[in-house]
Amino acid sequence: MRCAILGFATGAACLQSSPGLPDAAALAWLACAAVLCGCLRYAAGAGAAGVLLGYCWAALLATLALAPQLSAADEGRDIVITGTVDNLPYHFDQGTRFNFAVERVQDARIQVPPRITLAWYTGFRDSVQQVGDVQPGERWQLTVRLQRPHGNANPEGFDYEAWLLEQGVRATGYVRPAGAQNRRIDPFVTSVANLVERSRATLRERILRALPGKQYAGVIVALVVGDQRAIDQSDWKVFNRTGVGHLISISGLHITMVAGLFALLVSSLWRRSFFTRAQLPLLLPAQKVAALTGAAVALLYVLLAGFGIPAQRTLYMLAVVAVALWSGRLANVSHVLCAALGAVVLLDPWAVRAPGFWLSFGAVAVILFATTGRTEGPATRFWSVIKLGAHTQYVVTLGLVPLTMLLFSQFSLASPFANAIAIPLISLVVTPLALAGAMLPAPLSTLLLTLAHAAVEALALALEAMSAMPMAVWSAPAPSAWVFCFAMAGTLWMLAPRGWPLRWSGAIAWLPLLAGQPSHPDDGQFTVTAFDVGQGMALLVETRGHRLLYDAGPLYSAESNGGNRVILPYLKARGIDVLDAMVVSHSDADHAGGALAVLGEIKVDWVSSSLWYDHPVVHAARRHVRCVGGQAWVWEGVRFEMLQPSLASYDEPALKPNARGCTLRISARGQAVLLAADIEAAQEAQLVARMPGLLRAQVLLAPHHGSGTSSTMAFLKAVDPQLALFQVGYRNRYHHPKAEVIARYRIRGIARLRSDESGAVQISSSDGFVPHAYRREHQRYWYGH
Numbered sequence: 001m002r003c004a005i006l007g008f009a010t011g012a013a014c015l016q017s018s019p020g021l022p023d024a025a026a027l028a029w030l031a032c033a034a035v036l037c038g039c040l041r042y043a044a045g046a047g048a049a050g051v052l053l054g055y056c057w058a059a060l061l062a063t064l065a066l067a068p069q070l071s072a073a074d075e076g077r078d079i080v081i082t083g084t085v086d087n088l089p090y091h092f093d094q095g096t097r098f099n100f101a102v103e104r105v106q107d108a109r110i111q112v113p114p115r116i117t118l119a120w121y122t123g124f125r126d127s128v129q130q131v132g133d134v135q136p137g138e139r140w141q142l143t144v145r146l147q148r149p150h151g152n153a154n155p156e157g158f159d160y161e162a163w164l165l166e167q168g169v170r171a172t173g174y175v176r177p178a179g180a181q182n183r184r185i186d187p188f189v190t191s192v193a194n195l196v197e198r199s200r201a202t203l204r205e206r207i208l209r210a211l212p213g214k215q216y217a218g219v220i221v222a223l224v225v226g227d228q229r230a231i232d233q234s235d236w237k238v239f240n241r242t243g244v245g246h247l248i249s250i251s252g253l254h255i256t257m258v259a260g261l262f263a264l265l266v267s268s269l270w271r272r273s274f275f276t277r278a279q280l281p282l283l284l285p286a287q288k289v290a291a292l293t294g295a296a297v298a299l300l301y302v303l304l305a306g307f308g309i310p311a312q313r314t315l316y317m318l319a320v321v322a323v324a325l326w327s328g329r330l331a332n333v334s335h336v337l338c339a340a341l342g343a344v345v346l347l348d349p350w351a352v353r354a355p356g357f358w359l360s361f362g363a364v365a366v367i368l369f370a371t372t373g374r375t376e377g378p379a380t381r382f383w384s385v386i387k388l389g390a391h392t393q394y395v396v397t398l399g400l401v402p403l404t405m406l407l408f409s410q411f412s413l414a415s416p417f418a419n420a421i422a423i424p425l426i427s428l429v430v431t432p433l434a435l436a437g438a439m440l441p442a443p444l445s446t447l448l449l450t451l452a453h454a455a456v457e458a459l460a461l462a463l464e465a466m467s468a469m470p471m472a473v474w475s476a477p478a479p480s481a482w483v484f485c486f487a488m489a490g491t492l493w494m495l496a497p498r499g500w501p502l503r504w505s506g507a508i509a510w511l512p513l514l515a516g517q518p519s520h521p522d523d524g525q526f527t528v529t530a531f532d533v534g535q536g537m538a539l540l541v542e543t544r545g546h547r548l549l550y551d552a553g554p555l556y557s558a559e560s561n562g563g564n565r566v567i568l569p570y571l572k573a574r575g576i577d578v579l580d581a582m583v584v585s586h587s588d589a590d591h592a593g594g595a596l597a598v599l600g601e602i603k604v605d606w607v608s609s610s611l612w613y614d615h616p617v618v619h620a621a622r623r624h625v626r627c628v629g630g631q632a633w634v635w636e637g638v639r640f641e642m643l644q645p646s647l648a649s650y651d652e653p654a655l656k657p658n659a660r661g662c663t664l665r666i667s668a669r670g671q672a673v674l675l676a677a678d679i680e681a682a683q684e685a686q687l688v689a690r691m692p693g694l695l696r697a698q699v700l701l702a703p704h705h706g707s708g709t710s711s712t713m714a715f716l717k718a719v720d721p722q723l724a725l726f727q728v729g730y731r732n733r734y735h736h737p738k739a740e741v742i743a744r745y746r747i748r749g750i751a752r753l754r755s756d757e758s759g760a761v762q763i764s765s766s767d768g769f770v771p772h773a774y775r776r777e778h779q780r781y782w783y784g785h
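Per my numbering, the sequence shown starts with residue 1, numbered consecutively.
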């Protein structure tokens, strides 16, 4: 059975990396093959049957999930819908975001998916609108504009489209200003799901009301109802650098603790009923009552947690143990783990894509492996507990290093010390206080929540000190498959049970994992990665020994931008912790929006920009140089030339920022790329008049995202590119690139790639700039649906 379950999870994982879904006939053949494999009497047959069944099951659920779809013709139309708010709304500075279960569409000809996600903004274009106080379970009539699921597609980036698919969300959009048409119809629609979500909202509101303006109120909310969205990015940085991020949620440890506490309490009361007339143990053994209580409490807590993967895993494991106790059969721990694995993948095949899935099950599996055959000599109960806890922390810390490096390209050296403090404090003090405070009446609730917050504040001070240590985190490029497997084999050797020879020698297998260096081009060559950042620009240029970031993407919200959402994850996965230069072409938010995030996270030797000296990016730079036409430098045989703006342009304050866009040409061995920022027709004409010979380039970053004010025919003729890159957002409000601009490129026979269609694009001078489009080369079955 264990082989079949492991195979089932493997099959589901294979489907999630598939470029397409099998048709009905193929599924039927695969199902028949699974039955034939299952008839074999060996473990290999069970495993093969599990792989095929897992693949078929995941494909079937994926087909059903993709079926509800908004038509392309209905994107961007005003649609009046009626439905219920079916999750915990997220309130941010610009409005509210929530999921909406659609019940009825006013225009019956329009097919709207049954579950969508909506944003209701306080400001709409240049006007202000009143945002409704939406609560879970309410029925509303809303006028909305929708689009099909679409997210940025980048190497090492978060796959928003896959995440929406897992949530059952098949369209996204926003609420339109519609006056009385946007109205609440019913204050609550009764259902189990709505009741759970309303309870979560009530508890969250109680906590926030008791801790107004407190820095770590979001942490308390996360521990009670699993909603982490109110935790600041700066706090997450500290938690992740110290390796305690897994505790800032309703984790398996918390669920087990709470379930065990209630099980022990009810079991004790049940046994003591002998002293009353009830004599309940004669009706039902206390052991079975404890098992039932623990499972019920765990289920309730997991529902409040939002049903995350670590919580699911713990719930299913506790359920298997409860069934074993109820039936009087002892359950092998490995059977329990496999049963939980099978249940998670059966109910949510997309769970295999989440890092938490692998870290959660990996931690338990490593503990089981390392404690097999382990016995303790006679000792006091206290020291036995201390030794067990220390050994478990040691095992988990070492055992998950290869997996953590594979998933995050870093691991926390401060983690063992931070967790030694954080685990008992969060699990035994903060979580019980927070739960009790959220549910008990005032003023007792306020007192308990204040104490819980004070404990988190004290912990945060210690974590901040650890996070600030120079060697708090070890970073290296994400390992290749063979490096990961080699390191994992060495890790298992180190954690083998006592008696295994030379266990320390397993550490040698970590050397390729920890000592990896970022890849780079050869001398006289360069590569360019044009990120998919939506409506904005961001490109990484690499030579053998240097790296330059050209623009840093747009500002999405107060805490989200192209820097921290796209660029930094890519740099960390590559093991890049230093940039030699960053060019911020001009001050528009779609170019400079992520610059501060990049400057705050990694070392940038110098910044070149057309920004005024009082701009925050200039103040944050270690060294700032104004970009001016005529500047040039050479890195490993690759020449960088700044063509625009002119020095005189800085004496004209009335000029638009676009007119001073830093235009950079990069060339080596007759191969060139021209990065033209947001220059417009006037600047293009100046470049054509002053330096027509310097404009020649095989690749052109389309000026101003393909706006109607740029890409004149004279400019295109002077550059004469073979390939043009358009960095644009999906269905952007400016309708870039303009149809007339695309026509000019088509007339010139210039190949075109748009980031909203191709995702990130990588090109290299070594192969003549053959484009590698991320969506095409990493196709997944949910793209384009």
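Note that CB positions come from ideal geometry on N, CA and C, so glycine has one too.
query: Sequence-distant residues of the same chain with beta carbon closer than 8 Å to F726, five excluded per side; result: A702, H705, G706, H736, P737, R752, L753, R754, S755
query: Nearest to G594 (by Cα), restricted to the options D651, M642, H546, F531; result: F531
query: DSSP-derived helix/strand/coil call for G47; result: helix
query: Bridge partner(s) assigned by DSSP for T117; result: N99, T172
query: CB contact flag (S409, K237, <8 Å); result: no
query: Given 8 Å, three or more beta-carbon pairs between the segment 588 to 602 and the segment 627 to 640; result: no
query: Ordered list of alpha helix (DSSP H) runs contained in the segment 464 to 523, each at least 4 residues; result: 481 to 494, 511 to 514
query: Where S608 falls: helix, strand or coil (DSSP); result: strand
query: Range covered by the alpha helix (DSSP H) that runs through R145; result: Taken as a continuous stretch (DSSP letters only), R145 belongs to no alpha helix (DSSP H), being part of the beta strand (DSSP E) at 139 to 147.
query: Straight-line Cα distance separating M469 from R544; result: 30 Å
query: Member of L142, A422, G562 whose CA lies at the smallest distance from the CA of G389; result: A422
query: Opposing strand residues paired with I5 [DSSP bridges]; result: DSSP lists no partner for I5.
query: Collapsed DSSP secondary structure at M691 in the structure displayed; result: coil
query: Pairwise C-alpha distance: R696 and R313; result: 58 Å
query: Whether L149 touches V85 by CB criterion (8 Å); result: It should be noted that the sequence gives Pro, not Leu, for residue 149. No, the pair does not count as a contact, with Cβ atoms beyond the cut-off.
query: At least 3 beta-carbon pairs within less than 8 Å: the segment 720 to 734 vs the segment 682 to 700; result: yes
query: Coarse secondary structure for Y301, derived from DSSP in three states; result: helix
query: Run of the beta strand (DSSP E) containing M642, from where it starts to where it stops; result: 638 to 644
query: Three-state secondary structure (DSSP) of E542; result: strand
query: Test item: CB-CB of P114 and V105 under 8 Å; result: no
query: Integer-rounded CB distance, given that F188 should sit under 8 Å from N194; result: 7 Å
query: Assigned secondary structure, T293 (DSSP; H/G/I helix, E/B strand, else coil); result: helix
query: V344 versus A351 - alpha carbon distance; result: 7 Å
query: Environment of M1 [buried if 16+ CB atoms lie within 10 Å]; result: exposed
query: Opening and closing residue of the beta strand (DSSP E) in which L723 lies; result: 723 to 726
query: Spatial distance of S267 from K288 (CA atoms); result: 9 Å
query: Short Cβ contact (8 Å threshold) for V323 with A340; result: no
query: Where the alpha helix (DSSP H) through T202 begins and ends; result: 192 to 210
query: Check whether P554 and S610 have beta carbons under 8 Å apart; result: no
query: Beta-carbon proximity of L487 to L448, cut-off 8 Å; result: Checking the displayed sequence, the identity of residue 487 turns out to be Ala instead of Leu. Contact: no.
query: Cβ-Cβ distance between D588 and P653 below 8 Å; result: no
query: Rounded separation between A538 and N99 - CA only; result: 31 Å
query: Limits of the beta strand (DSSP E) - the one that T527 falls within; result: 527 to 530
query: Beta-carbon proximity check, G76 vs R184, cutoff 8 Å; result: no
query: Segment contact flag, the segment 295 to 304 with the segment 230 to 247, C-beta cutoff 8 Å, min 3 pairs; result: no
query: Cβ-Cβ distance between A414 and G243 below 8 Å; result: yes
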